[in-house]
Amino acid sequence: MILRHTTKEVKERTALTVNPAKTCQPIGAMYAALGVHGCLPHSHGSQGCCSYHRSTLTRHYKEPVMASTSSFTEGSSVFGGQANLLQAIDNIFGIYDPDIIAVHSTCLSETIGDDLGQIVGKAKDDGKIPEGKHVVQASTPSYVGSHVTGYANMVEAFVKYFSFNTNEKIRQVNLLSGWVEPSDMREIKRITEMMDIKSVLLPDTSDVLDTPMTGKYKMYPKGGTTVDEIVSMGNSMKTVAMGEWCSKKAAIMLDNKCKVPFSLTDVPIGLSATDRFVQALSTAGKVSIPEIISEERGRLIDVITDMHQYFYGKRVALWGDPDTLIPLVEFLVDIDMKPVYIVSGTPGKRFDKRMEEILSEKVPEAKYKNGPQADMFLMHQWIKEEPVDLLIGNTYGKYISRDEGIPFVRLGFPILDRIGHSYFPTVGYQGAIRILEKILGEIMDEQDAKSPEESFELVM
Amino acid sequence: MPNKKNYTNGLPDPSELKEEILKKYPRKVAKKRAKAMIVNDPSEGQEIMANVRTIPGIITQRGCTYAGCKGVVLGPTRDIINITHGPIGCGFYSWLTRRNQTKPAEGEDNYMPYAFSTDMQDENIVFGGEQKLKTAIREAFEIFKPSAISIFSTCPVGLIGDDVHAVAREMKAELGINIFGFSCEGYRGVSQSAGHHIANNGIFKHVVGNTDRERTGKFQVNLMGEYNIGGDAFEIERIFEECGITLLSTYSGNSTVESFAYSHTADLNMVMCHRSINYIAEMMEEKYGVPWIKVNFIGAESTAKSLRKLADYFGDDELKAKVEEVIEREMAKVKKVAEEVKPKVEGKLAMMFVGGSRAHHYQDLFKELGIRTVSAGYEFAHRDDYEGREVIPNIKIDADTRNIEDLEVTKDEEHFRDDLVTKKAKLEKEGYTFKDYQGMMPEMSKNALVVDDVNHWETEKLIEFYKPDIFCAGIKEKYVVQKYGVPLKQLHSYDYGGPYAAFGGAVNFYKEMERMLATNIWKLVDAPWKHEPEIVGSISIEA
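As structure tokens, this is what we get:
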């Protein structure tokens, strides 16, 4: 047993987190900033954070992840990091020439109270920001919320800085994508195009974190939402914000600043959430839903009806981010699986409420928790009390999977030990089929590995 | 631009490249970077600027003090509960991401697959986190019953004034197990290096010498600065065992806290990674009289050389014979693979930019295959790692490093090994050298470009200039370099392979080089239609 010290008995903890189901804000800000064209993320803190965040994103995507850092020393930690950031801005534009520097903070610069807005203002006054170039900043203290919060803060910062209402309404819908993979961003754009809706997707990491090999390295790949697009978001008809934790802040900002109303939907994972997303799109874009979308939906329903016997009543444990877990749990309930244990390190009161809505009737035995000490250690203890048939979550689940002999589907962030997650979507009806394929693959592999010879089956 | 065929008569002079790189920088930056880039000439005692603060915005590959302390030095010890005192990130990112393998016996503790954190929230920043830390330690003790707990401070801890050492003392008294803290806040020093030093001090102060142990063999040694990435230490352990050498303790691959506690009873310390562990080696000599030698188990020839040096230290004929027997047997296996691989890779060009040690050690492995290192550098090594230990008295300690404590160490009258001091003096008279680290630069070719704290811009220019056949670095560089069509070998994680140490490791590495340098895919990067004449579009549908 690799996790041999995980006890069955649950002792209440109030201070110790063991095997977290979250990480810290700045990595989310970095990921969001990579979804803007010509943008270099910048970490205002000591350089360790920046290296860790780049490494984690790189290990997940197997792609270059660029970011710079203020490289605080002990002196700047005492006297403030203004000089470091000013120097960094100078060096970055001089050497690396991005269109935008997107600055986020860390627990270090937040604790000493560096005012990013003031420092960036000074950089502007000092003429350190070249004509036509931009420095955007978001405050992302690591001791508040999680990586998801950092993502939300950076997306909000982009619309706050760029989006502008010029009173020339454009027949266009803003899409705030939530923390999903480049392939998911691509899929969201495909669905929107199928519905014949002009849209701006922010952020958009497709063609940034899934670039082709050409023998040439491009520091700023062709993907990413452009400045012009973000500016134009202020003139759109409506915003469809996917995921309360990731996208609500930016949606509210667009509403307050540019008077673009929004509808908040879940990230379109699974059947019901995709249904609601498609409907929200049709309302926002004032278009009817085309037949090809209904056909895609029909194919998903067909797979579910074909394969229902393998899903029915199976107990599942999940961990990850609220915006992913909520629609995913709902999807599992839709196909009659039983999501019994759910943890998310990301705090937020609405999590409980949403889980209760989805689970109280169909899976009354479900245990769920988010926020402090809602970690993978606790979830593993629950599993030891009463086992499950399937695990769904990021790579860290492989240790529990191996110890307990439970089939395991990788979904979420980070996935460090497999590829495919950034190339094939899990959103939309197509993505839902892929999730089912993965679940079924794991369940059937388990059956094939463990069934006695006489009942080893060729056909399922 | 040099042509590859020029390399037959030595390496081309990269001065022009250096100028081109510097031209892009603001004046002050250029001045600083110029001192960190040396066109190597081993016949001259050249000075490089190293271990200085990172230039903001330059896109460094460096990490922080916490990473050097918790991630590197203490992370691999399996039976200490390492609690990260800070917000969740630091603990999360250092959770199982370095490949320090460990092999506990049945029933032994192993906390390495776990991440422990106080997960500080804003109220802990405002009102202080000491109470939460105490509670976290109690909870860890109650649930896991470990034999030791250590606390690692992250950036905000020092700023808000949490005293982790006072908490450690209090909890140690309350719980009766060894509990100690590290002030390894990320902003201390200028890189991971400060974290190594802080870790060394902490282990030495709180663990080394805590237990005595009866002699278990004729030849008792410690291996220092070997972290068992991909099983490197396992391979070295195997060789030692076959030679009849007792390995008391490894700092810190496949280690336990107890093995550190009695490590002062060794007869000799062998230092692999000079940068990260030379402090303990030095302190152990001062306090206990245990001398140290530099060894290198990367490369088959280097391994043989290090084993012979070890045997010479003990001067025992039986041991010498055994060592020769093992070398002969192992080398036969190594040579067989080398003969197959070398003709396929000989003459290729390598570059390596790795931490504080491997950029040097791996040049030996490449040499064995006839692969030439055209450029190399460290992220965070000091001048002594580049130029050799004799420059240590001349190294100026700057403001960024001054606050890293140098422990006052005094002689331990009870345990001090006068016999080893006598032995050392005698051997030295015979020409045997101790503390013999000559550094990387003297061993590199003339005109090789040595670059400290290489950044992204410099990496791009280096690739453009040298067009290397293989680039050795880490995960952040890997996919950048490969987009250029240049294969990158990770020499931190080994790309999830290994071991690469000692004889078995050399065989693995040779085969890996064969794979990486011969793989088809680089020739298939361009689509075939990019080389063929373009078909002119036509609206007719006739064939």
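Chains as they are written, first to last, in our numbering: chain V, 1 to 460; chain F, 461 to 1003. Don't be surprised by glycine CBs; every beta carbon is placed ideally from N, CA and C. Quantities reported herein were computed from a predicted structural model and do not represent experimental measurements.
Here the C-alpha atom of valine 120/V lies approximately 20 Å from the C-alpha atom of proline 486/F. Separation of the CB atoms of alanine 510/F and histidine 842/F is rounded to 6 Å, and the pair is thereby assigned contact status at 8 Å. Proline 573/F is not a Cβ neighbour of serine 70/V, given a cutoff of 8 Å. Histidine 44/V and glutamine 118/V have their C-alpha atoms spaced approximately 14 Å apart. Not a single C-beta of chain F is nearer than 8 Å to the C-beta of valine 343/V.
Chain V has a Cβ within less than 8 Å of the Cβ of alanine 859/F. Counting C-beta pairs closer than 8 Å gives three or more between the region 687 to 703 of chain F and the region 757 to 768 of chain F, which meets the contact rule.
If the five residues before and after serine 762/F are omitted, its C-beta is found closer than 7 Å to the C-beta atoms of Asn756 and Asp824, all from its own chain and listed in chain order. In the three-state reduction of the DSSP assignment, tyrosine 846/F falls in the helix class.
Note that the C-beta distance between threonine 239/V and aspartate 579/F is not below 8 Å. Residues Ala575 of the same chain have their beta carbon placed closer than 6 Å to that of tryptophan 555/F, with the five preceding and five following residues left out of the count. Rounded to whole angstroms, histidine 308/V and leucine 390/V show a C-alpha spacing of 15 Å.
The beta carbon of lysine 938/F lies closer than 7 Å to those of Leu948 and Gln950 in the same chain, with the five residues before and after it left out. Here glutamate 799/F carries a helix assignment [DSSP, helix/strand/coil].
Inside the region 228 to 299 of chain V, DSSP marks whole beta strand (DSSP E) runs of 3 or more residues at positions 238 to 242 and 262 to 265, from first to last along the chain. For threonine 676/F, same chain residues with a beta-carbon under 7 Å away, outside a window of 5 residues either side, are Thr706 in chain order.
The count of Cβ pairs closer than 8 Å, one atom from the region 316 to 334 of chain V and one from the region 221 to 234 of chain V, stays below three, leaving the stretches out of contact. Taking CB atoms only, histidine 5/V has a neighbour in chain F less than 8 Å away. The beta-carbon separation of proline 41/V and alanine 33/V, rounded to 4 Å, stays under the 8 Å limit for a contact. Excluding sequence positions up to five before and after serine 401/V, its CB lies within less than 8 Å of the CB of Leu391, Pro407 and Phe408, all in the same chain and listed in chain order.
In this structure, the straight-line span from the alpha carbon of glycine 28/V to that of lysine 22/V is close to 11 Å. Here the C-alpha atom of isoleucine 689/F lies approximately 23 Å from the C-alpha atom of glutamine 942/F.
In this structure, histidine 821/F lies away from tyrosine 739/F, with their beta-carbon atoms at least 8 Å apart. In the DSSP annotation of this structure, the continuous segment of the beta strand (DSSP E) that includes glycine 393/V starts and ends at 390 to 393.
Approximately 7 Å separates the beta-carbon atoms of serine 177/V and proline 203/V; this is inside 8 Å, confirming the contact. Here threonine 861/F is buried: its Cβ has 16 or more other Cβ atoms, across all protein chains shown, within 10 Å. Taking a contact to require three or more Cβ pairs closer than 8 Å, the region 794 to 808 of chain F and the region 957 to 976 of chain F qualify as touching. The alpha carbon of leucine 909/F has as its nearest neighbour, out of Met631/F, Thr525/F and Tyr838/F, the alpha carbon of Tyr838/F. According to the DSSP assignment, arginine 629/F belongs to the alpha helix (DSSP H) that extends over 624 to 635. Neighbours of tyrosine 939/F in chain V, taken as residues whose beta carbon is under 7 Å from its own, are Thr58, Lys62, Glu63 and Pro64 in chain order.
For proline 141/V, same chain residues with a beta-carbon under 7 Å away, outside a window of 5 residues either side, are Gln25, Ser105, Cys107 and Glu110 in chain order. DSSP places tyrosine 368/V inside the beta strand (DSSP E), whose first and last residues are 367 to 370.
It is roughly 12 Å from the alpha-carbon of aspartate 896/F to the alpha-carbon of methionine 732/F. By the criterion of a C-beta distance shorter than 7 Å, phenylalanine 826/F is surrounded in its chain by Ala810 and Thr833, once the five residues flanking it on both sides are discounted. Per DSSP, the unbroken beta strand (DSSP E) holding glycine 641/F starts and ends at 638 to 642. Ranked by Cα distance from glycine 243/V, the first of Gly348/V, Thr283/V, Ile292/V and Ser232/V is Gly348/V.
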